[in-house]
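Q: This structure is in structure tokens; I'll ask about it shortly.
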Amino acid sequence: MRIDELPPETIEEILLHADPTTIASLSQCSRFFNTLINHGPDQHLWRWLYLIQPLDDPRECVSLNGDPQKDIDWKRELQRFIRARTVVKDVSVCRPAERCAILRTMIHLIEYIPPRKWSFVEGGTSKNLIWIRDVLSGGTFIDPDTITWVSTDAEEIQLRDKLHTYLGLTSADRTPRALVESRAYVYSFRNYSWETDFGPFFEDGKVNWEHLRMVRHVLAMHVHDEETTPFQMSLEFTQIQMASLADTRDWAGIEGIWWCGFCFCDHSDLTLYNLTTTVDGSLDASLFEDPGFTDVFRSVEVTIRILEVSPDPKHPNYPRIYFGGSMGQHSMSTMSGYVYMTDDNQVRWRFRSGEQVNPIWSSEGIQVGGLRSLYGVLGTWTTTFHNPNDPVGPFWLRKAIDLPQED
């Protein structure tokens, strides 16, 4: 008996033991297999093939703001995944025209996952995130030395930096050259303006992921201990945590105890750096190349409480949340501001801090990951005056949680 004489369901059972790339090749061998594989009455074969991959079931996945994925095209989703898997295993096969598509696929796998239904200590990490971590942990397709081209396309740069921000520190991040580049970007006055709200944004309000990646890098090099895992500013902590149905007032999960970490450098160094240019007009970053240079990291405990909420017509399920907070156990400093959902479904934080009567520090940031993710809020701070030569720096606001430690 020839294989094409077997019942279709038997052939499909056999195909489930083959890799999708093999099945794709088989579909080109004959009209019979092409019809069976690509032109069946429904997508049940592609659904089965997708569900045996080391990924989450898309039917259980939600977006960053909790919306379920609709109208799943199993064939298309599997093909996107397999192509991304192929490219990250061998980046030399990546065609220039598909670079952005591969990055979008990887980001989609991070942003559409099942919500975490219990604490981090109790497990429940998304399969998608585990797979992404496994294939990208060495910086593959992210670090410059892992790709064979120099990215010049603006969209590709933003997508790669977004993926990098989600992932966390890579091998290249630990090199002195990379840290110099990030500090030079974060501490440059040229990257802050009224048009961008003095934050890591573009003029249209969308996130500038290149800026945010630099912010994460500068902060992470101060607080990440390789011997201590897990690290809260990393991929596993981007997973959405769904609020209870009765807790729509605090949909962003802001009430509670937080830690606000921030970096700054000596103001005379900061001013000198921003006044010193090279022949081509760029700022002279040699200050950050000096082995004796360091910026300072500080962290303060913040207790945040909701003051009021107001309806947001654009996002009826996510009212604007106004909050206040006390900073430090023995301090008169306070924090006040609001949280809201942006037009592109990012959770944005805006707040002022300092003395209660006259707060002089202004901060703008984005919560990285899904709603209530434990990754935290990344952004930048400066003064409320926004005068020329006012100090600037990065901050990280994270929820205080107990993390399991590896033996």
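Numbering-wise (full-length UniProt numbering), the sequence shown opens with residue 1 and increments by one. Here a beta-carbon is modelled for each residue, glycine too, at the ideal position from N, C-alpha and C. These numbers were taken from a predicted model, which means no experiment stands behind them.
Please report the straight-line C-alpha distance between residue 254 and residue 11, rounded to a whole angstrom.
A: Within the sequence shown, residue 254 is the residue found at index 254, counting from 1. Within the sequence shown, residue 11 is the residue found at index 11, counting from 1. Taking the straight line joining both Cα atoms gives about 53 Å.
Q: Based on the DSSP secondary-structure assignment, which residues constitute the bridge partners of residue 263?
A: Residue 263 sits at position 263 when you count from the first residue of the sequence shown. Paired residues: 297.
Q: Taking residue 155 as part of the beta strand (DSSP E), name the residues at either end of that continuous run.
A: To locate residue 155, count along the sequence shown from 1; it is residue 155. No beta strand (DSSP E) contains residue 155, which is instead part of the alpha helix (DSSP H) from 154-167.
Q: Just curious, the alpha helix (DSSP H) that residue 79 is in, first and last residue?
A: For the purposes of this step, residue 79 is identified with residue 79 of the sequence shown, where counting begins at 1. Unbroken alpha helix (DSSP H) run through residue 79: 74-89.
Q: Quick one: residues in its chain with C-beta nearer than 8 Å to the C-beta of residue 180, no 5 flanking neighbours on either side, listed in chain order?
A: Here the question's residue 180 lines up with position 180 in the sequence shown. So the list reads 285, 288 and 289, once near-sequence residues are dropped.
Q: Smallest Cα separation from residue 339: which of 304, 359, 358 and 382?
A: The residue you call residue 339 lines up with position 339 of the sequence shown. When only C-alpha atoms are compared, the closest one is 304.
Q: Could you please give me the residues that DSSP links to residue 308 through a beta bridge?
A: To locate residue 308, count along the sequence shown from 1; it is residue 308. Paired residues: 322.
Q: Would you say residue 362 and residue 352 are within 7 Å of each other, going by their C-beta atoms?
A: The residue you call residue 362 lines up with position 362 of the sequence shown. The residue you call residue 352 lines up with position 352 of the sequence shown. Against a cut-off of 7 Å, the Cβ pair of residue 352 and residue 362 comes out as a contact.
Q: Tell me, please, whether the region 193-212 touches the region 306-324 by the rule of three or more beta-carbon pairs shorter than 8 Å.
A: Contact fails: fewer than three Cβ-Cβ distances are below 8 Å.
Q: Assuming residue 129 and residue 113 form a contact by the criterion Cβ under 8 Å, report the distance between their Cβ atoms to the nearest whole angstrom.
A: Against the sequence shown, residue 129 aligns to sequence position 129. Against the sequence shown, residue 113 aligns to sequence position 113. With 8 Å as the limit, residue 129 and residue 113 qualify as a contact, their Cβ atoms being about 6 Å apart.
Q: Ignore the nearest five residues each way along the sequence and tell me which others in residue 245's own chain have a CB closer than 7 Å to its CB.
A: Residue 245 sits at position 245 when you count from the first residue of the sequence shown. Low local confidence applies: a pLDDT of 49 at residue 245 is under 50, so the model's placement there is unreliable, with the coordinate-based value given in what follows. Hits under 7 Å: none found.
Q: DSSP has residue 257 in a bridge; who is on the other side?
A: The residue given as residue 257 occupies position 257 in the sequence shown. The partner list for residue 257 (beta bridge, DSSP) reads 303.
Q: Along the chain, where does the beta strand (DSSP E) containing residue 70 start, and where does it finish?
A: Sequence index remark: in the sequence shown, residue 70 carries index 70 (1-based). Per DSSP, residue 70 belongs to no beta strand (DSSP E) and is neither H nor E.
Q: Confirm, please, whether the CB-CB distance from residue 238 to residue 376 is below 7 Å.
A: The residue you call residue 376 lines up with position 376 of the sequence shown. The residue you call residue 238 lines up with position 238 of the sequence shown. It is not a contact, given that the beta carbons lie outside the stated cut-off.
Q: Just how far apart, CA to CA, sit residue 58 and residue 70?
A: In the sequence shown, the residue the question calls residue 58 occupies position 58. In the sequence shown, the residue the question calls residue 70 occupies position 70. About 9 Å.
Q: Closest to residue 116 by C-alpha separation, out of 152, 214 and 127, would be which residue?
A: Taking the sequence shown and counting its residues from 1, the one referred to as residue 116 is at position 116. Of the listed residues, the one whose Cα sits closest to residue 116 is 127.
Q: Give every residue of the same chain whose Cβ lies closer than 7 Å to the Cβ of residue 308, excluding the five residues on either side of it in the sequence, and list them in chain order.
A: Residue mapping note: residue 308 aligns to position 308 of the sequence shown, counting from 1. Excluding positions up to five away in sequence, the list reads 322.
Q: How long is the line joining the alpha carbons of residue 55 and residue 177, rounded to whole angstroms?
A: If you number the sequence shown from 1, residue 55 lands on position 55. If you number the sequence shown from 1, residue 177 lands on position 177. Answer to the nearest angstrom: the Cα atoms are 36 Å apart.
Q: Suppose contacts are defined by Cβ-Cβ distances below 7 Å. Is residue 232 in contact with residue 2 by that definition?
A: By one-based count along the sequence shown, residue 232 stands at place 232. By one-based count along the sequence shown, residue 2 stands at place 2. It is not a contact, given that the beta carbons lie outside the stated cut-off.
Q: Does residue 48 come out as helix, strand or coil in the three-state DSSP assignment?
A: Taking the sequence shown and counting its residues from 1, the one referred to as residue 48 is at position 48. Of the three classes helix, strand and coil, the one that applies to residue 48 here is helix, per DSSP.
Q: Suppose only complete runs of 4+ residues qualify. What are the alpha helix (DSSP H) ranges in the UniProt domain "F-box" (1-49), listed by chain order?
A: Correct list: 8-15, 20-26 and 31-38.
Q: Exposed or buried, what is residue 392 when buried is set at 16 or more other beta-carbons lying within 10 Å of its beta-carbon?
A: Residue numbering aside, residue 392 sits at position 392 when the sequence shown is read from its first letter. So residue 392 counts as buried.
Q: Taking DSSP as the reference, what is the three-state secondary structure of residue 384?
A: Position 384 of the sequence shown holds residue 384. In this structure, residue 384 counts as coil in the three-state DSSP scheme.
Q: At what residues does the alpha helix (DSSP H) containing residue 180 begin and finish?
A: To locate residue 180, count along the sequence shown from 1; it is residue 180. Start and end: 176-186.
Q: Rounded to whole angstroms, what is the Cα-Cα separation between residue 154 and residue 31?
A: For the purposes of this step, residue 154 is taken as residue 154 along the sequence shown, with counting starting at 1. For the purposes of this step, residue 31 is taken as residue 31 along the sequence shown, with counting starting at 1. Near 43 Å, if we compare the C-alpha coordinates of residue 31 and residue 154.
Q: For residue 401, which beta-bridge partners are listed by DSSP?
A: Within the sequence shown, residue 401 is the residue found at index 401, counting from 1. Answer is none; residue 401 lacks a bridge partner.
Q: Is it buried or exposed, residue 251, if we count other Cβ atoms within 10 angstroms and call 16 or more buried?
A: One-based indexing of the sequence shown puts residue 251 at position 251. It is buried - the Cβ of residue 251 has at least 16 other Cβ atoms within 10 Å.
Q: Could you tell me the distance, in whole angstroms, from the CA atom of residue 148 to the CA atom of residue 90?
A: For the purposes of this step, residue 148 is identified with residue 148 of the sequence shown, where counting begins at 1. For the purposes of this step, residue 90 is identified with residue 90 of the sequence shown, where counting begins at 1. Near 11 Å, if we compare the C-alpha coordinates of residue 90 and residue 148.
Q: Assign residue 407 to one of three DSSP states: helix, strand, or coil.
A: Residue 407 sits at position 407 when you count from the first residue of the sequence shown. Summary for residue 407: the model assigns pLDDT 44, below 50, so the residue's position carries little reliability, and this model does not support an answer.
Q: Buried or exposed for residue 184, please, with buried defined as at least 16 other CB atoms from any protein chain shown within 10 angstroms of its CB.
A: Along the sequence shown, one-based indexing puts residue 184 at 184. Buried, because 16 or more other Cβ atoms sit within 10 Å of the Cβ of residue 184.
Q: Is residue 148 helix, strand or coil when you go by DSSP?
A: On the sequence shown, position 148 is the one that residue 148 refers to. Of the three classes helix, strand and coil, the one that applies to residue 148 here is coil, per DSSP.
Q: What's the call for residue 385, buried or exposed, on a 16-neighbour Cβ count within 10 Å?
A: Along the sequence shown, one-based indexing puts residue 385 at 385. Classification for residue 385: exposed.
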